[in-house]
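Visitor: Next up is a structure, given as structure tokens.
In our numbering, the protein residues as written are 1387 to 1478.
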């Protein structure tokens, strides 16, 4: 078990995938979080730019997908932070 865990932990492919997942989830989470806050506080510039481009309409139409993307990004980020625990559980 210990050697399997060490191989998984030190695998360059797994580490690269983990790094890409961390960076992507953090980036997407930050952007969607900011858009959600702007939509929730009814910032007019959001309606003029993102609202009309993405949904041809209102801030309320943006809030649902932004919240969903933020939650998914948060879950992926937390799972990436628990990499060693997950690898240890898989190697048992």
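Yeah, the Cβ is synthetic: ideal placement off N, Cα and C, and Gly gets one too.
Below 7 Å between beta carbons: does that hold for residue 1418 and residue 1447?
Guide: No.
Visitor: Hey, residue 1411 and residue 1468 are a contact pair by Cβ (cut 8 Å); roughly how many whole angstroms apart?
Guide: No, residue 1411 and residue 1468 are not in contact; Cβ-Cβ is about 13 Å, not under 8 Å.
Visitor: Quick check on residue 1446: does DSSP put it in helix, strand or coil?
Guide: Reduced to three states, the DSSP call for residue 1446 is helix.
Visitor: Would you mind sorting residue 1415 into buried or exposed? The rule is 16 or more other CB atoms within 10 Å of its CB.
Guide: It is buried - the Cβ of residue 1415 has at least 16 other Cβ atoms within 10 Å.
Visitor: Who are the Cβ neighbours of residue 1462 in its own chain at under 7 Å, not counting the five residues just before and after it?
Guide: Here the set comprises 1407, 1411.
Visitor: Quick one: using the 10 Å Cβ neighbour count with 16 as the cut-off for buried, is residue 1475 buried or exposed?
Guide: So residue 1475 counts as exposed.
Visitor: Which residue's Cα is closest to the Cα of residue 1420: 1472, 1451, 1473, 1391?
Guide: 1451
Visitor: Any idea what DSSP makes of residue 1413, helix, strand or coil?
Guide: helix
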